[in-house]
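A quick write-up on the structure given underneath.
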Amino acid sequence: AEKVRLMLDWTPNVDHAPLYWAQARGAFAREGLEVEILTPSDTADPLKLAAAGRTDLALGYMPQALVAASGGIPVRVCARLVARPLSTVVALEDKGIRSVKDLSGKRIGTTVPGMMDVLGKVFARHHGLKDLEWVHVGFQIVPPLASGKVAAVVGAFRNVEVVQLRRQGLKPRVFPLEEGGVPDYDELVVLASPALSKRPRVLAAFRRALAEGLEATRRHPEQAMSAYLQSVPGADQAEEREMLDATLPFFAKDQKLDPARWRRFADFALREKLVEKPVDPAPLLLRF
Amino acid sequence: MLEVRALRKSFGGRPVLGGLDLDLPRGGCLALAGPSGCGKSTLLHLLAGLVPPDGGTMRMEGREVPSLRGRCALMAQDDRLLPWMDLLDNALLPVRMRGEDPRRREGEARELLDRFGLGEFLRYPPGSVSGGMRQRCALARTLLWGCPLVLLDEPLSALDAFTRRTLQEEVLRLQGEWGRTLLWVTHDLEEALRVGDRVWVLGPGMEVRERLVPPGPKPRPADGELAALRERAFRALEGSRG
Amino acid sequence: MLEVRALRKSFGGRPVLGGLDLDLPRGGCLALAGPSGCGKSTLLHLLAGLVPPDGGTMRMEGREVPSLRGRCALMAQDDRLLPWMDLLDNALLPVRMRGEDPRRREGEARELLDRFGLGEFLRYPPGSVSGGMRQRCALARTLLWGCPLVLLDEPLSALDAFTRRTLQEEVLRLQGEWGRTLLWVTHDLEEALRVGDRVWVLGPGMEVRERLVPPGPKPRPADGELAALRERAFRALEGSRG
Amino acid sequence: MARLRDRALGLGLFLLLLALWEGVCRGLDLPPYLLPSPGRVARVLLSQAPELLAHGAVTLGEMVLGILLGLGAALLVGGGLFALPQAERAVLPLLVATQAAPVFALAPLLVVWFGFGMGPKVALTALVVFFPVALAFLQGLKHRDRGREDLLRLMGGGRIARFRAFHLPGALPPLMGGLKTGVCVAPIGAVLGEWCGASRGLGFLMLQANARLATDRVFAALAVLVVLGTGLYGAVDRLERRLVWWTRPEGRARWLERRERKGRK
Amino acid sequence: MARLRDRALGLGLFLLLLALWEGVCRGLDLPPYLLPSPGRVARVLLSQAPELLAHGAVTLGEMVLGILLGLGAALLVGGGLFALPQAERAVLPLLVATQAAPVFALAPLLVVWFGFGMGPKVALTALVVFFPVALAFLQGLKHRDRGREDLLRLMGGGRIARFRAFHLPGALPPLMGGLKTGVCVAPIGAVLGEWCGASRGLGFLMLQANARLATDRVFAALAVLVVLGTGLYGAVDRLERRLVWWTRPEGRARWLERRERKGRK
Ligand SMILES: Nc1ncnc2c1ncn2[C@@H]1O[C@H](COP(=O)(O)OP(=O)(O)OP(=O)(O)O)[C@@H](O)[C@H]1O
Ligand SMILES: Nc1ncnc2c1ncn2[C@@H]1O[C@H](COP(=O)(O)OP(=O)(O)OP(=O)(O)O)[C@@H](O)[C@H]1O
Ligand SMILES: [Mg+2]
Ligand SMILES: [Mg+2]
């Protein structure tokens with residue numbers, strides 16, 4: 502079997518359920534692949550390590566992949582896992598935020614500086630929000646929201662933090678980024694190392710197995726759940742289930758890497774100075 | 006003033022003091038001489054309460070006490086000056102520790118240090134003066150301590166013969182003036198005979214070999230008589246070895 | 006063996022040595038006595054190269070040298086034993102530092118320490134023995150050092166009169182046996198006269214006040230003659246104060 | 007007797023602190039995802055003991071190896087900087103850099119060099135342990151007793167012999183102090199290391215639990231980590247008592263006794 | 007002369023290390039997004055100097071405040087544990103916990119308590135500085151000279167007077183050593199603090215650059231951080247020379263001179 506190392510974008514979470522389910526049901530093995538799943542220390546690492554050939558495949562985000570391409574980091578996109586943005590702007594109704602307009606004059610937190618603050622500012626401009634104070638909140642989303650230290654957080658995942666907030670008995674208000682002037686994009690894509698990019702047969706095999714995992718997850722979420730829970734011992738099953746259900750509509754239904762969609766986001770990124778140099782996404786995409 | 010009975014101490018099974026009796030009347034000076042390693046310093050440490058005894062009793066002015074801690078001044082065999090204070094501050098340390106304002110006794114300390122030949126070195130740190138100068142500073146500190154009972158462990162061992170003689174007289178003068186009681190350990194027999202109104206020569210295990218009473222009040226009589234006593238003491242020391 | 010000319014040293018503008026001349030013939034013992042703080046220890050440190058001189062020259066066996074570092078053994082005024090080694094290892098330290106196998110000299114060291122009265126304490130750490138015992142160990146270390154020139158800074162100051170006499174003889178015996186040259190600083194005039202074949206009494210600034218030559222070969226003649234010399238030396242010391 | 011009383015007092019203080027923590031949680035009405043109460047943490051500890059212990063064992067192994075490695079490096083570098091004091095200014099920025107470098111700058115490098123196994127964890131632990139130990143050792147070496155050093159220099163002999171006989175034992179107390187700091191921060195190193203790609207260990211567990219807002223599990227893992235840390239501290243404390251025996255009379259007495267017992271055999 | 011030579015040697019070594027780094031980058035063919043070469047970092051440093059300096063000033067402020075706070079706390083706790091040695095066993099786990107607690111366990115608490123201002127950064131810096139300083143101080147207090155202590159105890163007087171006259175100065179050398187470790191790890195504290203919520207500072211800058219995959223900017227910020235760290239270290243080193251003057255003959259001479267100059271005025 503072909504040994505393939507796959508590095509997740511972050512610690513295992515429901516987004517990765519299709520991968521675990523594919524692994525557990527033997528989808529990779531049937532394609533002649535032996536996949537080893539690795540976890541990184543930081544969301545930027547998988548991409549760097551794939552470029553350096555330390556992992557064969559890595560999970561990343563579309564904006565990040567474009568930033569990498571503009572910085573000359575030699576990774577290619579070969580598949581996708583979550584085909585729509587999960588990042589949103591989240592506020593709490595409990596704190597009196599009912600509509601977007603209520604955010605004017607408030608302090609807004611961002612998760613990843615350099616990324617979410619850019620998207621947040623686009624969102625604010627789109628909705629005509631004024632007098633915002635921006636602060637980076639790091640890994641923490643729930644505590645500053647719950648304690649009212651920030652009125653909203655840009656970069657909260659609608660399938661994770663929103664569920665968590667709800668389970669804490671709070672009433673989250675979700676404002677999708679794609680309704681705030683940010684073009685639609687793929688939240689989770691699979692990046693290939695330069696070496697693996699030259700082996701289309703392996704990549705094709707991986708894509709087939711991944712597609713099977715995605716399809717099987719949609720069809721049998723409970724089984725996907727139990728496969729995934731093997732990798733996250735001690736997790737709260739009910740909560741994870743709720744998160745998975747919230748994620749299901751966002752999983753990629755096909756493996757089409759649409760250059761036009763990528764180009765839209767690349768233009769947006771250049772306009773908003775997310776990238777410094779123009780990027781041509783076409784050579785970035787490995788299509789078959 | 007002080008009565009010690011059957012004081013015992015051993016270190017790890019090796020007996021050092023095997024039941025010592027000791028009486029110090031007020032205002033006197035008992036000089037102790039004994040072979041090196043016989044336990045003189047240990048005795049002073051026991052009295053001062055730095056080392057716990059294995060047995061025996063101490064009575065201070067009739068009352069039984071566990072040790073003389075807080076009731077005696079001690080000059081240890083090494084100077085134990087604080088290297089980060091100048092000589093004057095070191096000498097005034099007991100005053101400061103008592104909680105008194107050291108400035109009120111500064112004049113006194115300056116005078117004492119001056120008489121001890123340290124007048125020019127008041128502001129020197131101990132690391133920058135000679136061994137004998139450090140010893141003199143430690144002696145001044147002990148005398149400024151203000152306790153009526155003073156334990157001295159070879160206080161003048163690092164001094165030349167002349168300075169030594171001067172300081173002996175100085176200490177005895179202050180003893181009289183301030184009414185102190187002295188327990189003076191020395192390995193110099195001449196010094197013992199010169200400063201003590203009683204002189205004990207000790208043997209190993211701190212057994213008392215010889216009790217000498219030097220003739221007459223200070224200043225001392227002719228050297229001849231002293232020399233004879235010294236010879237006797239020396240023989241006792243010598244015997245304690247054999 | 007050693008010729009020193011016009012050696013000068015001052016500390017922060019305060020002169021300590023104002024141009025000292027010194028000759029040590031091979032095999033002799035020059036005893037130095039002087040008031041406390043006059044600069045005796047400083048002289049030994051200068052010779053040994055621990056402190057740089059301000060001026061002057063040193064010639065060792067005809068050759069001019071910057072200092073005697075590596076050519077002399079030094080016993081400092083404090084014992085400087087290493088607290089984490091027992092007495093035997095401390096005494097053998099110079100052997101070990103020379104790169105020799107200390108076990109080859111262990112017998113010698115044991116014998117020396119035994120003669121110094123430390124036979125039972127070979128395995129004690131310095132912190133658990135008396136001041137005098139530490140000093141004896143430091144002396145043994147200095148003698149085992151193996152250099153022909155030996156600088157001793159008050160080597161017996163912490164010892165009782167009898168032990169002191171014994172060790173004086175011991176050191177002189179070894180000096181003869183091993184052919185050492187000694188520079189012996191002491192504040193005990195009797196000791197100076199007993200061990201030195203020349204005795205210098207120094208004044209402040211290390212100016213030589215009195216040069217005495219004790220009569221005759223060791224062992225010494227009658228005490229009477231010594232006493233007279235001692236008196237002379239004492240007067241010199243006394244005068245150096247006035 | 008006295009020891010028993012000391013222990014009781016220590017235990018009492020510990021319980022008092024726990025009570026204080028519980029009080030803070032209740033009094034301020036902190037939600038458990040902010041600060042779980044000790045009771046809650048204890049429940050998690052009990053119910054998930056086997057898992058916590060298994061992950062704890064992994065982390066302990068990483069810590070022990072890292073501590074040994076860090077100590078070795080610290081002895082070398084501390085000794086080296088002492089031997090070549092001019093190098094301090096040059097090497098120091100490098101050392102500060104290794105300390106200040108965020109994991110995300112180091113992690114990819116470590117992975118590239120050491121792979122995904124124990125390597126990066128041990129390396130990061132060694133890195134955090136190394137620093138306080140090296141500095142304390144250097145400080146101890148610098149503040150040596152000059153009188154004794156002078157005398158040893160007169161005795162001649164190589165710098166290495168002098169170092170072994172004098173400088174090293176003299177610097178032992180601060181060195182052991184630095185090592186205490188080192189073992190206390192070792193958990194940070196191991197945890198950070200586990201963030202650079204791991205599938206086992208307490209750091210991994212915490213990261214996972216944190217992503218799920220399971221703060222009580224984070225704290226349970228933390229509690230295990232703290233027990234490991236204090237255990238290592240205790241071990242170093244014992245080692246110190248054994249190695250630095252000469253400063254206290256009891257230590258000297260025990261040392262003598264041991265020597266005599268050995269001699270008799 | 008000798009000092010000049012020392013400096014030259016130090017500079018030479020530093021350049022050597024930079025060359026080594028450049029060599030590693032080229033020799034191992036490390037891509038710049040893993041480890042940028044010094045030249046690359048220098049270019050970023052130059053071109054973005056104003057921004058780096060502005061953020062550096064913010065971080066420096068946080069570090070200085072945090073160091074002062076941490077030092078104060080360390081003096082209190084170190085002294086307290088010395089005064090009450092039974093407490094060591096009880097308090098130690100707590101201290102280890104504060105060290106081992108990953109930022110994400112502390113960050114929410116800090117944010118809720120201090121908000122997003124300077125508070126959490128200063129608190130985290132103080133926390134990391136505190137630990138090595140407190141331990142070194144405690145160690146110094148423990149390994150005091152027993153002979154002198156005994157004598158002072160005989161003199162009577164309060165524990166506080168004794169502490170000021172004897173224990174504190176005696177523990178100064180290890181304390182300063184601990185403080186050196188402390189200032190060297192202070193950058194970690196400030197950076198971590200900036201990660202859990204900030205809009206300025208070098209940590210924020212690094213995070214931003216990291217998200218943009220601009221590793222050279224990360225290292226440029228790191229370089230500024232290192233300069234700040236070494237600068238603080240140098241300051242502590244000077245302070246130490248001034249405070250611990252009695253261990254070296256030159257120090258004593260300078261102290262005497264200063265005193266006499268003061269006396270003459
Ligand atoms: N490091 C120093 N800094 C300044 N002055 C010093 C230093 N070392 C010694 N001195 C001064 O040099 C003088 C001579 O000191 P030294 O130790 O040589 O005297 P000594 O003759 O050995 O006295 P003693 O018999 O008391 O040991 C003293 O006045 C002392 O203050
Ligand atoms: N801490 C200790 N542990 C073990 N033995 C000790 C300790 N302190 C002292 N001794 C032993 O007690 C004996 C007496 O020591 P002490 O210091 O009282 O002698 P001393 O009479 O003062 O001698 P010196 O004239 O040499 O100062 C010595 O044999 C010494 O080895
Ligand atoms: Mg004694
Ligand atoms: Mg001297």
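Going down the list, the protein sequences come from chains P, W, A, L and C. Number 554 in the numbering used here belongs to position 53 of the first sequence; there are no gaps in the numbering. Number 142 in the numbering used here belongs to position 137 of the second sequence; there are no gaps in the numbering. Number 98 in the numbering used here belongs to position 93 of the third sequence; there are no gaps in the numbering. Number 141 in the numbering used here belongs to position 135 of the fourth sequence; there are no gaps in the numbering. Number 126 in the numbering used here belongs to position 120 of the fifth sequence; there are no gaps in the numbering. Every residue gets a Cβ at the ideal spot worked out from N, C-alpha and C, and that includes glycine.
Residue-level contact by beta carbon fails for leucine 58(C) and chain P, as no gap is shorter than 8 angstroms. Taking C-beta separations shorter than 6 angstroms and ignoring five residues to either side along the sequence, the partners of aspartate 84(W) in its chain run Arg139, Gln140, Ala143, following chain order. Here leucine 144(C) has Gly84, Leu87, Phe88 as same chain residues with Cβ atoms under 7 angstroms from its own Cβ, once five neighbours each way along the sequence are excluded.
Rounded to the nearest whole angstrom, the CA to CA distance from aspartate 94(W) to leucine 81(C) is 25 angstroms. For the region 110-136 of chain W, the set of positions with a beta-carbon nearer than 7 angstroms to some beta-carbon of chain C reads Arg128, Tyr129, Pro130, Gly132, Ser133 in chain order. Annotated three-state conformation of cysteine 43(W) is coil, per DSSP. Boundaries of the beta strand (DSSP E) around glutamate 503(P): 503-508.
Looking at Leu117(A), Leu97(A), Leu52(A), the one whose alpha-carbon comes closest to that of arginine 108(A) is Leu97(A). By the Cβ-count criterion, aspartate 26(W) is exposed, with fewer than 16 other Cβ atoms from all chains shown falling within 10 Å of its own Cβ.
Residues of chain C whose Cβ lies closer than 7 angstroms to the Cβ of alanine 81(W) are, in chain order, Gly153, Leu157. Counting C-beta atoms within 10 angstroms of its own C-beta, aspartate 28(W) has fewer than 16 neighbours from the protein chains shown and is therefore classed as exposed. According to DSSP, residue pairing for leucine 35(W) in a beta bridge involves Leu188(W), Arg203(W). In the structure shown, the three-state DSSP call for proline 673(P) is strand.
Contacts with chain P at 8 angstroms (Cβ-Cβ) include valine 118(C). Annotation for serine 46(A) indicates a beta carbon within 7 angstroms of some heavy atom of ligand 4.
Following the DSSP letters along the chain, one finds alanine 78(W) inside the beta strand (DSSP E) bounded by residues 77-80. Counted as a single uninterrupted DSSP element, the beta strand (DSSP E) harbouring isoleucine 609(P) occupies residues 608-611. Going by beta carbons, arginine 110(A) and leucine 172(A) fall outside the 8 angstroms limit. According to the DSSP assignment, aspartate 158(W) belongs to no alpha helix (DSSP H) but to the beta strand (DSSP E) extending over 154-158.
Residues of the region 163-181 of chain C with a C-beta atom less than 9 angstroms from some C-beta of chain W are Gly163, Gly164, Ala167, Arg168, Ala171, Phe172, Pro175, Gly176, Leu178, listed in chain order.
Residue burial annotation: glutamine 738(P) is exposed, with fewer than 16 other C-beta atoms found within 10 angstroms of its C-beta. Per DSSP, the unbroken beta strand (DSSP E) holding methionine 63(A) starts and ends at 60-65. Apart from sequence neighbours up to five positions away, the residues of its chain that approach leucine 86(W) with a beta-carbon distance below 7 angstroms are Asn95, Pro131, Arg139, Cys142, Ala143, ordered along the chain.
If you keep only unbroken alpha helix (DSSP H) runs of at least 4 residues inside the region 95-130 of chain W, you get 98-102, 111-120. Listed along the chain, the chain A residues whose CB falls inside 8 angstroms of the CB of tryptophan 252(L) are Pro88, Trp89, Pro130, Gly132. The region 94-107 of chain C makes no contact with the region 240-256 of chain C; the number of CB pairs closer than 8 angstroms stays below 3. The beta carbons of threonine 168(A) and proline 160(W) sit about 19 angstroms from each other, so the pair does not count as a contact at 8 angstroms. Out of Leu620(P), Arg700(P), Gly606(P), the CA that lies nearest to the CA of valine 776(P) is found in Leu620(P). In this structure, valine 206(A) lies away from leucine 198(A), with their beta-carbon atoms at least 8 angstroms apart. Taking all protein chains in view, the Cβ of tryptophan 89(W) is crowded by 16 or more other Cβ atoms within 10 Å, so the residue is classified as buried. For proline 99(W), the closest Cβ of chain C is nearer than 8 angstroms. Boundaries of the alpha helix (DSSP H) around phenylalanine 120(L): 109-120. Sequence-ordered contacts of the region 255-266 of chain L with chain W read Pro255, Ala259, Leu262, Glu263, Glu266 [C-beta pairs closer than 9 angstroms]. Chain-ordered, the chain C residues with CB closer than 8 angstroms to the CB of arginine 103(W) read Met161, Gly162, Gly163. Proximity of chain C to glycine 572(P) at the Cβ level (cut-off 8 angstroms) is accounted for by Tyr39, Arg218, Leu219, Ala220, in chain order. Under the three-state reduction of DSSP, cysteine 202(C) is assigned to coil, being neither helix nor strand.
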